[in-house]
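Following the UniProt record's numbering, the numbering of the sequence shown begins with 1 at its first residue and continues without gaps.
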Amino acid sequence: MEGAAMMAQQAAEAAARRSYGKLVAFLAARTRDVAGAEDALADAFASALEAWPARGIPDNPEAWLLTAARRRLIDESRKRKTAEGAGEHLLLLEELASSDDEADAIPDDRLALMFACAHPAIDAGMRAPLMLQTILGFDAAAIGSAFLVAPSTMGQRLVRAKARIRQAGIPFRIPAQEELAARLDAVLNAIYAAYAEGWVDAAGTDVRRRNLAQEAIWLGRLVASLLPQSAEALGLLSLMLHSHARRKARRAADGAYVPLAEQDTALWDAALMDEAEAALQQASRMNTIGRFQLEAAVQSAHAVRRMSGSTDWAAIESLYEALATMSDSPVVQINRAVALAHTQGPQAGLALLDSLAGDARLADYQPYWAARAGLLAQMGAKDQADAAYERASGLERDEAVRRFLQGRRAALGTVT
């Protein structure tokens, strides 16, 4: 029996990985109740772990789970049949009660659910967490830890966000062509926000963020597959794949931080980079330019070093210049300054950084001070570089990066 239970658990886990989001999206799109769909599916999984060891794993686990979840939703609705508005809810469940869909025939509503999660009525900071829970099945504790929010607080926010979807009547649909671009930006930004949280943990040792970057890539692949004509979806996928391909090279064997320019290209994942290049090339054939495509192109220019041995800084400078026309982000200008320093000398890069000095957003932004320190050091302005390195080190939370900055400061020879 223990063996049967183990096989049932493995089958349930595999079904969840393949189809959790698809099943939640199918149920929620018909009931307008994300939380109810999640509860019904959770109950279905619990029932499966009881029934499958004794009766055997069904040929189509997803269809079995869908049927069980659908029954739970119908039963719950019948219990509430005298409540206000229950008639409308029962009408919404008619399709569930009469549908005989097999799992392979279930319409894929995951993209529609993503658009619901990224609707303007949902707080921007909750869009990525909401997607992680509804599409991937992350629990509130895992999401809260990943985003450095107390699990109880994250749980409350997720409940409110799902209630907002229902109360505001947010539609489960892919927007019409004329509004698709604006709404798609919200979906892509939410996915990238999830990736960025996971990317922070370079070594993959932080249990709060473990697998978060990989799950965001999974979402990126999903959106790209469901919207193959979206150049920006392909651009985001390429950007994440390029960044993720360098994950193993970002830390030395002893855990020390390794900057991009000093990374061993042999440690870069060639297969991921090839996939990233293919996605970027596919996007380039659509003759539209967007932020994620340009950022992916920057990563592609860095990736040239694995073949040629040198970085294409001229291309990187041009790409950041193009990005600067799309955004007033000072982060873009900082990266552009670094590229300028490689093509025109540290004075040119420092002049651009000086032009940003009045931006209040940079006062406590570590990369600004680290870039400034590096350029000042190249120019021989050791005392100014020392002060900038001290500021950057004090602002850095990653211990490995902090030690790296402190090492660069010590190399100036100004600290006694």
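All C-beta atoms in this analysis are idealised placements derived from N, C-alpha and C, irrespective of residue type, glycine included.
- Residue 257 is bridged by DSSP to 251.
- Boundaries of the alpha helix (DSSP H) around residue 45: 34-55.
- Between the alpha carbons of residue 110 and residue 159 lies a gap of roughly 19 Å.
- Remark: C-beta atoms of residue 257 and residue 400 approach each other more closely than 8 Å.
- Note that the C-beta distance between residue 37 and residue 27 is below 8 Å.
- Judged by DSSP secondary structure, residue 27 falls within the alpha helix (DSSP H) whose first and last residues are 2-31.
- Take residue 337, set aside five residues on each side of it, and the residues of its chain with a beta-carbon closer than 7 Å to its own are 349, 352, 353 and 371, in chain order.
- Between residue 279 and residue 262, the alpha-carbon positions lie close to 26 Å from each other.
- Apart from the 5 residues on each side of it in sequence, residue 197 sits with its Cβ closer than 7 Å to the Cβ of 146, 147, 209 and 212 in its chain, given in chain order.
- Here residue 334 is near residue 368, since their CB atoms are less than 8 Å apart.
- In this structure, residue 235 lies away from residue 303, with their beta-carbon atoms at least 8 Å apart.
- Residue 60 sits in coil when the DSSP states are folded into three classes, being neither helix nor strand.
- For residue 346, the enclosing alpha helix (DSSP H) has its first and last residue at 346-355.
- The residues 373, 376, 377 and 412, in chain order, have a CB closer than 7 Å to that of residue 385 in the same chain once the five nearest residues on each side in sequence are set aside.
- Burial check for residue 79: the Cβ neighbour count within 10 Å stays below 16, so the residue is exposed.
- In terms of Cβ geometry, residue 356 and residue 323 do not form a close pair [threshold 8 Å].
- The beta carbon of residue 305 is closer than 7 Å to those of 265 and 311 in its chain, skipping five residues each way along the sequence.
- Straight across, the Cα-Cα distance linking residue 170 with residue 45 is about 27 Å.
- Of the candidates 330, 131 and 250, the residue whose Cα lies closest to the Cα of residue 363 is 330.
- Closest in C-alpha terms to residue 125, from the list 190, 134, 151 and 133, comes 190.
- Between residue 243 and residue 199, the CB-CB gap stays under 8 Å.
- Considering only 288, 32, 271 and 249, the residue with the shortest C-alpha distance to residue 112 is 32.
- Distance from the Cα of residue 301 is smallest, within the candidate group 118, 276, 222 and 163, for 276.
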